[in-house]
Structure formats: C-alpha cells, structure tokens
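Here the structure is laid out as structure tokens; the discussion comes afterwards.
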C-alpha cells in the first residue's frame, strides 16, 4: 500500500474519532455545564435529601438551570445544606421554593425550583427558605406493601 | 613486484582489523568460549569453522557487540568493544555489515527498500542518490531485476544475496557472514562463495565467514580457524588445513562419521539403558 | 515429592519476578526511546493504520450490535417500571462509562494486540530485530515505540467510535423500532450524562487500556521464544493477559472515578 493512501486512511480514522468524541461531548452529554464564572450559588436546607448527589441537575419547569455544587451536613440544625450553582442567565425571586424530586419512579433525584412572586431576586450566597424534602422511597414502598398485604389477606 | 611494494603490501596485511585475545564467554553458567585468540587482517577472508553448537556464532555476536566477553578483549578497528558505551557501539556497527543465516530481510518492505534501509536510517541523502546507490549494490549481487519484489517472493539464495547487498549498503570495513552456505543448492553455493571473495577484493572489505561447509569455503578463504568445544584447535591457510593431519581437522574436512567427535552423544551405555544389566529388573 | 513441589513453586516465583522486572525495564526503555516515534511521526502513522484503521470494522459493527441489544434489553426492563424514556440514559451511560472503553479494548486486544505480538515475535524469530541492531538501528526506538504510541493514540478514538455507534444502535432500536419518544430519549440522556464525570472518565479509561494492551502485546512479542510455537504461545498470552488486565484495571479505575475512594 502506498504511503499516501495509508496517510489518507489514518487521517479519516482520526477525523471519525474526533467526530465521535464531539458527538459524545455535545449530543450525548450536554457540554452546557454551568461554569463557575457565569453562575451564582445559593444554599438550601433540607431535612432529608434522600439520594441526592453532587452534580445532580437543578431544574425549573423541567429545564436544567444549574447543578448541585456540594452537600454538607449541618451539625447544629441536623439539616443537610445543599449548595446550588445556578446559571447567571436564570434569575429567581427571593421566595422561590426548592424541592427534591425524582425523575420517574426509580430515576435520578434532582432539585426542582418553583419560582415565587417576590420582586427581589436571589443573589450569590443567598438562602432558599422554602424547601421540601425528598420523598423517602422506603416509606412509599412500606405503604405499598402494607396496602398489598391488607388487600391479599384472607378474608 | 619490487621489494618496496612488497613491504607496503606486508604492512597493510599486518594491519589487524579484528583482534580477539584470550576471550572467555558463557551464557549463564554454561561456558561457550574458553580462551579464544583470533586475528582477521584487512582485506582477508577469514573462516571460522567447527561443528554445530561449538560457539562460532557466539564469536560473531562478540565481534558485533551483541554480547560482551566475560574475560579478554575484543578489538575491532582498534576499539575495544568491552569499553564502548551504547553510542560508541552503534557508531562502530555502522562500519560493520552482517549477513544472517536466513538473510533476516524485513518482510514488510520490498527488496529495494530493504537495501535502502540503512542508507535512509543513517544518511540524509536525497532519494535519487539513494536510488543510485541501492541499484549499484543490487547490481553487485546481480539482483537489480528483483528490486521491486517482496522478500517472500525470493528463493533462499536470492534472499541471502539481497541481504548481502543490504550489509554492504553503507560500505562497511567488515562484513560478517553467519553460515552463508547453509541450505543452498550447488549453483547458489558457488555464486555466494564467489560473491564473498569478489566483494572482499573489490570493495576492500574484510570478511569473517562462520561456516561448516569445508569444500566451498576452502576455495575462497585466506585463513581458517577451527573451533571445537570453545577453543581454537587448529588454524592455517586453506592449503595447510587440507594437508593437516590433526585428527579433529581430518575428521571435519573429510566428513567422517566417527573420530575425536564421537557419533554418540554422551549417554549411559546402551545396554544399560535397555535394562539388560539394570539392577531394577 | 513435597520438596519437588516447593522447588517448583520457588523456580516459578523466581521466573515470574524476573519476567516482571524485565517487563518493567522494557516499558521504561520504550518510554525513553519514544523520541523517534514523534520525530518521525510517519512511522507512528503507519502503525496507526495497522492497529487503528484495520480495527475499525470490528469496532463499528460490534458497537452497533451492542447498542441495539442494550436498546432491546433496556426497554424490556425499563417498561416494567414505566420509565421507557430513561432508555437513552441507560444506553448512553452504560456505553460511555463501561461498555465503550472495555469492549472496545477487549476487541482491540484480540484484533490488534495479537497481530502486534505475532509481528514482533516473527521479526525476532527471523532475526530481523537483531539485523536492525547490527545496522546500528535501535529496534526499540524504530519498531517498538511507534507501535506503542500508535496503540495509545488509536484506543480512545476506537472507544469513542464504539460508544457513538452503540448509542446510534440503541436509538435505532429504541426510537425507530420500538417507538420510544425521540425527544425524551435524547434530552434525558443529555441531562443525565455529564461531560467530566462520564465522558472524560471513559476517555481516560480507554487511554489506560490502550497503554496496557499495547505494552503487553509488544512485550510478549519481544520476549517470545524465537520459534513457531513460541510466537503462537505468545500471541495467545497477549490476548489472555491483556483482556484480564483490561478488566482488572477497569475495576480499579471505576472504583477511583465513580466512588471517589
């Protein structure tokens, strides 16, 4: 095989490889990751965060507006302090509420933001006061099994 | 020939290119060479003969610097191989050529590229110059017509000639041949023998031939060393060797089945092995 | 009897340790002599053709089928929970995190790794490597290092192509054949797959696998006894050793990357 044909094939191979990498980066994973410069952080405290993990999405009306930056345990209030990193393009009123939701029955957990009606907007380092904890699956399943057991019990 | 001419000739003859002094070498605990002395002068074809496995190839490996002597010195062109670092060794090897037993051609490139290989690796010559040089070397071995063939398309004898062309591509001062006659038909045998002699004379090389082909090599060599069990048992010119009455040399030259080299590999007595006299029975 | 067994164990251990030491020295020598592989990049490109381009067909076809199977199986499982929309997540995450790098590496080991070992082993058996050395050309720099870097460069591209092809296969089966909602398929995937966490880690994995496979393949070839049986044995060992290495490394890397040990 002549050298130029070989070079051509390797060139095509590299182009295809880079195209595949770009496809993975842009189409499969959203590279629209919120970067530090263009975001602000707010803290929300929850009684129970369930299975929420760092980097979980923060959504409002179903749109990803940010990510969970970190999760800490507050040893004084016995609450979980969750830091949300939200894109600067999205501004929320001060009385916005945060809830931990689950996508699908067994899906991943994320934080849902419900905008309030306040005139003032959330700023960096602000706190979200209205929070709703995660639905603990064990309790739900407990309910289900309890219900089922009653249903199926011999009369 | 005048006296002065003769003197000059002698002084050139005295110039030893390869000098091996009291060399001892072993692979691990197994001794292979036990005190070898050998000299190859410039312009000579020197043969190293001996039965298979006597350490001939090891000698070539020592001269090529692939292995180092346990004791003694190996000098090539005045440089002691034991004292050279990797770079010095490579520098020296550029002035050596080696013909391997089966040619050792690079199987993934053509005959032309094989011969061009050392030129492309070690020189910055233009592609046209390389082409001229390669064709010249191929012409010297009579294979210009095979330039575009792949090595797999060559016969054993042709492959060895191509390898020879590759070995002399950088105009070395020393060419080593590892069993150049093994497995060749009589015609290729004669061709190869002639080539070795002719190239040595026309290019001013020194040739070291490791072989066990007595008849063919005695026709072309200037000097012969006989190696057996790691020592040199006999040396001399071709005529001296043919006339030698040393038992080993006699057996070797005339190909007798039994002699100082026994037919039987050392073993317990055959009868005992069969259990005829065994106490176990 | 017992003494024989202990002696046997001892000699095997010594051999094993010696071989590991030799392999380590070989690897260091390859790294030290890598200059040629980059200075004369044509050499490396040539080897990328043999290890990368020639592995493309098997990688692309396998990727497509693995993705299609993931689509079918994933759908079957997810629909029992009524979350078929998560099919995109399932296909993408399993491919990008695990199957892409690992399966592509296993295929690469059997396709390119064995070829490398056989080639180097034959070059050694036919004295081509010694001949090169006698021509004052370092075979590590001229033959081994370009193959090493070609493998290391090719591997992430092959893994990415495998994953991309697999996701396409999952899309074909899930969306086109079964009828999962197309928008949900892609958007769920995009919101769940993180660039740094998933894709970058997958790429790092494939680079590590590339290093392991080509290093093992080259070493086995270089260390092969110069006979026909020696080379064929070394080829088999390459496939077995590098496959095991890939799986073991995958476990270690996964533990570090996704568990944050």
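Chains as they are written, first to last, in our numbering: chain Z, 72 to 226; chain A, 41 to 321; chain S, 11 to 271.
Built from N, CA and C at the ideal position, the CB exists for glycine as well.
Residue i versus the options, residue with shortest Cα-Cα distance
| i | options | result |
| --- | --- | --- |
| residue 118 (chain A) | A:80, A:251, A:88 and A:260 | A:80 |
| residue 105 (chain S) | Z:90, Z:158, Z:153 and Z:95 | Z:95 |
| residue 169 (chain S) | S:47, S:260 and S:112 | S:112 |
| residue 64 (chain Z) | Z:82, Z:156 and Z:76 | Residue 64 (chain Z) falls outside the range modelled here, since chain Z spans only 72 to 226, and no answer is possible. |
| residue 182 (chain A) | A:69, A:241, A:234 and A:292 | A:234 |
| residue 282 (chain S) | S:129, S:116 and S:207 | Because residue 282 (chain S) is not part of the residues shown, which for chain S are 11 to 271, the question remains open. |
| residue 160 (chain Z) | Z:109, Z:173 and Z:77 | Z:109 |
| residue 173 (chain Z) | Z:149, Z:215, Z:151 and Z:129 | Z:129 |
| residue 99 (chain Z) | S:208, S:267, S:266 and S:88 | S:208 |
| residue 97 (chain Z) | S:36, S:102 and S:73 | S:102 |
| residue 111 (chain A) | A:83, A:91, A:153 and A:60 | A:60 |
| residue 73 (chain A) | A:265, A:94, A:175 and A:58 | A:94 |
| residue 151 (chain Z) | Z:86, Z:200, Z:158 and Z:90 | Z:200 |
| residue 94 (chain S) | S:190, S:246 and S:244 | S:190 |
Buried/exposed call for residue i, threshold 16 Cβ in 10 Å
| i | result |
| --- | --- |
| residue 105 (chain Z) | In this prediction, residue 105 (chain Z) scores a pLDDT of 47, lower than 50, which makes its location untrustworthy; the coordinate-derived value is nonetheless stated afterwards. Buried is the call here. |
| residue 215 (chain A) | buried |
| residue 219 (chain A) | buried |
| residue 219 (chain Z) | exposed |
| residue 191 (chain A) | buried |
| residue 166 (chain A) | exposed |
| residue 180 (chain Z) | buried |
| residue 186 (chain S) | exposed |
| residue 227 (chain A) | exposed |
| residue 77 (chain S) | buried |
| residue 75 (chain Z) | exposed |
| residue 123 (chain Z) | buried |
| residue 259 (chain A) | exposed |
| residue 124 (chain S) | buried |
| residue 204 (chain S) | buried |
| residue 89 (chain A) | buried |
| residue 5 (chain S) | Summary: the structure shown does not reach residue 5 (chain S), with chain S confined to residues 11 through 271, and so no result is reported for it. |
| residue 211 (chain A) | exposed |
| residue 280 (chain A) | exposed |
| residue 223 (chain A) | exposed |
| residue 242 (chain A) | exposed |
| residue 42 (chain A) | At residue 42 (chain A), the pLDDT of 40 sits below 50, so the modelled position is not reliable; the number obtained from the coordinates is stated separately. Label assigned to residue 42 (chain A): exposed. |
| residue 44 (chain A) | Residue confidence for residue 44 (chain A) is low, a pLDDT of 41 falling below 50, so the modelled location carries little weight; the figure read from the coordinates is stated next. Exposed, because fewer than 16 other Cβ atoms sit within 10 Å of the Cβ of residue 44 (chain A). |
Endpoints, the beta strand (DSSP E) within which residue i is located
| i | result |
| --- | --- |
| residue 145 (chain S) | Unbroken run through residue 145 (chain S): none, as it is neither H nor E. |
| residue 218 (chain A) | 214-218 |
| residue 66 (chain A) | 56-67 |
| residue 75 (chain A) | 70-81 |
| residue 114 (chain Z) | 110-117 |
| residue 198 (chain Z) | 197-199 |
| residue 172 (chain Z) | 168-173 |
Beta-carbon spacing of residue i, residue j below 8 Å
| i | j | result |
| --- | --- | --- |
| residue 231 (chain A) | residue 151 (chain A) | no |
| residue 251 (chain A) | residue 87 (chain A) | yes |
| residue 137 (chain S) | residue 140 (chain A) | yes |
| residue 155 (chain A) | residue 189 (chain A) | no |
| residue 63 (chain A) | residue 126 (chain A) | no |
| residue 218 (chain S) | residue 259 (chain S) | yes |
| residue 85 (chain S) | residue 66 (chain S) | no |
| residue 107 (chain S) | residue 212 (chain S) | yes |
| residue 163 (chain S) | residue 40 (chain S) | no |
| residue 173 (chain A) | residue 194 (chain A) | no |
| residue 249 (chain A) | residue 85 (chain A) | yes |
| residue 183 (chain Z) | residue 167 (chain Z) | no |
| residue 263 (chain S) | residue 215 (chain S) | yes |
| residue 205 (chain A) | residue 138 (chain A) | no |
| residue 193 (chain Z) | residue 134 (chain Z) | no |
Bounding residues of the alpha helix (DSSP H) (the contiguous stretch that carries residue i)
| i | result |
| --- | --- |
| residue 166 (chain S) | 155-181 |
| residue 129 (chain S) | 124-135 |
| residue 91 (chain S) | First-last for residue 91 (chain S): undefined, no H or E at that position. |
| residue 8 (chain S) | Given that chain S is displayed from residue 11 to residue 271, the structure contains no residue 8 (chain S) and the question cannot be resolved. |
| residue 157 (chain Z) | Taken as a continuous stretch (DSSP letters only), residue 157 (chain Z) belongs to no alpha helix (DSSP H), being part of the beta strand (DSSP E) at 150-158. |
| residue 161 (chain Z) | Looking at the DSSP string, residue 161 (chain Z) is not in any alpha helix (DSSP H), and its letter there is neither H nor E. |
| residue 241 (chain A) | 226-243 |
Residue-chain proximity (residue i, chain B), Cβ-Cβ < 8 Å
| i | result |
| --- | --- |
| residue 217 (chain A) | Annotation note: the requested chain B is absent from the structure, which comprises protein chains Z, A and S. |
**Item:** Any 3 or more C-beta pairs closer than 8 Å across the stretch 85-100 of chain A and the stretch 261-273 of chain A
**Value:** In short, these stretches touch, since the Cβ pair count reaches three.
**Asked** For the 8 Å Cβ check, are there 3 or more pairs between the stretch 134-141 of chain A and the stretch 284-303 of chain A?
**Response** No contact exists between the stretch 134-141 of chain A and the stretch 284-303 of chain A.
**Prompt:** Between the stretch 133-145 of chain Z and the stretch 50-64 of chain S, do three or more beta carbon pairs fall short of 8 Å?
**Reply:** With contact defined as three or more Cβ pairs closer than 8 Å, the stretch 133-145 of chain Z and the stretch 50-64 of chain S are not in contact.
**Request:** Could you tell me whether the stretch 219-226 of chain S touches the stretch 149-169 of chain S, where touching means 3 or more Cβ pairs closer than 8 Å?
**Result:** A contact exists between the stretch 219-226 of chain S and the stretch 149-169 of chain S.
**Request:** Flag this pair as touching only if the stretch 231-240 of chain S and the stretch 126-136 of chain S have three or more C-beta atom pairs under 8 Å; answer yes or no.
**Result:** Result yes; three or more Cβ-Cβ pairs closer than 8 Å.
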